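A.B. asks:
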Amino acid sequence: DGGITQSPKYLFRKEGQNVTLSCEQNLNHDAMYWYRQDPGQGLRLIYYSQIVNDFQKGDIAEGYSVSREKKESFPLTVTSAQKNPTAFYLCASRPTSGATRDTQYFGPGTRLTVL
Amino acid sequence: DQQVKQNSPSLSVQEGRISILNCDYTNSMFDYFLWYKKYPAEGPTFLISISSIKDKNEDGRFTVFLNKSAKHLSLHIVPSQPGDSAVYFCAASGTYGGSQGNLIFGKGTKLSVKP
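Residue numbers (the numbering used here), protein chains in the order written: chain F, 3 to 117; chain U, 27 to 141.
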C-alpha cells in the first residue's frame, strides 16, 4: 500500500528546542517537498529536493534544515531560530517522469505546537 | 505579491446545485494547474489538473476550465454533495529556472454544501 507517512500527527515542544519531523514515502518518487500551512493561508514552500543528496531552499527556509540521504526519507528540522514554529507541516512527493510528473502527493501532516 | 489568487475565501452552495470555484494567476510562465481538496488537520488530496495546452478537463463530477488569455481557471462541481465541503486550493507550476515541478498555491476557498 503505497503512500506518504508523516509522524507524529501532533507534536509539542518547548520554546528553544530543535525538533525533527519525519516524512517517508514508498512511491519511488524522486522529488520531495516540505510546506507549512498557517490559518487562512495557502501552503508555503520551506525546502525541496529533486534527487537524493541534493536539496534547495524554498520561500521560507529560514530557521529550518533538511537532509536527503535516502530516496524514501526527507526529514525536516525546525530549529530554535524559527521565530513562529507553531504550524501545520505538510510533506509531499512527486515523480519526475511519466504522466503524473507535475502532480505532488501529500502526506497527512504534522501539527507542531511550541509552548 | 501573490502569483496565484483565490479571491473568494468561502462559498456556500445547496446540495445538488453547481459549485464554481475560481482562481486567477499572474505568471504567464505557468503551464500546469491543479486543484486540491483539503479537510481540516489532513493533507491535501489531489483532485484534478489541466495542462496549458487544453482549455477543459473533466473527471466525473469535476471539471476544470482554463482561460489562458484571462489567466483564469475555474473548478466546477456538479452536482454538489455535502461530502464536498472542504477547502479547495488552486496551484500552478511552470518550467522556468530551477523550479520545475514546484507548486505555487492560492490561499484556498472554503466550500460548504448544505443539505
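Note that CB positions come from ideal geometry on N, CA and C, so glycine has one too. This one's a predicted model, so the numbers in the text were calculated from it and none came from an experiment.
In terms of alpha-carbon separation, which member of U:K31, U:L47 and U:S38 lies closest to H102 of chain U?
C.D. replies: Nearest of U:K31, U:L47 and U:S38 to H102 of chain U, Cα basis: U:L47.
A.B. asks: Is D81 of chain U buried or exposed, if buried means 16 or more other CB atoms sit within 10 Å of its CB?
C.D. replies: Burial call: exposed.
A.B. asks: Helix, strand or coil for D56 of chain F, going by three-state DSSP, please let me know.
C.D. replies: It is a strand residue.
A.B. asks: For K133 of chain U, return the contacting residues in chain F, with the cut-off set at a CB-CB distance below 9 Å.
C.D. replies: Neighbours of K133 of chain U on chain F, chain order: G42, Q43 and G44.
A.B. asks: So the candidates are F:Y50, F:S95, F:A83 and F:T98; which of them puts its Cα closest to the Cα of V21 of chain F?
C.D. replies: Among F:Y50, F:S95, F:A83 and F:T98, the Cα nearest to that of V21 of chain F belongs to F:A83.
A.B. asks: Using a cut-off of 7 Å between C-beta atoms, extract the partners of N128 of chain U located in chain F.
C.D. replies: Here the neighbours are L47 and Y50.
A.B. asks: Taking the alpha-carbon of R113 of chain F as reference, which of F:K73, F:N30, F:V80 and F:H31 has the nearest alpha-carbon?
C.D. replies: The option with the nearest alpha carbon to R113 of chain F is F:V80.
A.B. asks: Is the region 69-78 of chain U touching the region 86-105 of chain U, taking contact as three or more C-beta pairs under 8 Å?
C.D. replies: The region 69-78 of chain U vs the region 86-105 of chain U: in contact.
A.B. asks: If we ignore side chains and look at the alpha-carbon of each, how far apart do L13 of chain F and C25 of chain F end up?
C.D. replies: So the two alpha carbons sit approximately 14 Å from each other.
A.B. asks: List the residues of chain U that G111 of chain F touches, going by C-beta distances under 8 Å, in chain order.
C.D. replies: Residues of chain U passing the Cβ test: A67, E68 and G69.
A.B. asks: Cα separation between Q32 of chain U and D40 of chain F?
C.D. replies: Computed Cα separation, rounded: 16 Å.
A.B. asks: So, at 7 Å on beta carbons, what are the nonlocal neighbours of L92 of chain F in its own chain, with the 5 sequence-adjacent residues on each side left out?
C.D. replies: Hits under 7 Å: Y37, Q39, L45, F108, G109 and G111.
A.B. asks: Taking just the CA atoms, how far does M34 of chain F sit from E2 of chain F?
C.D. replies: Because residue 2 of chain F is not part of the residues shown, which for chain F are 3 to 117, the question remains open.
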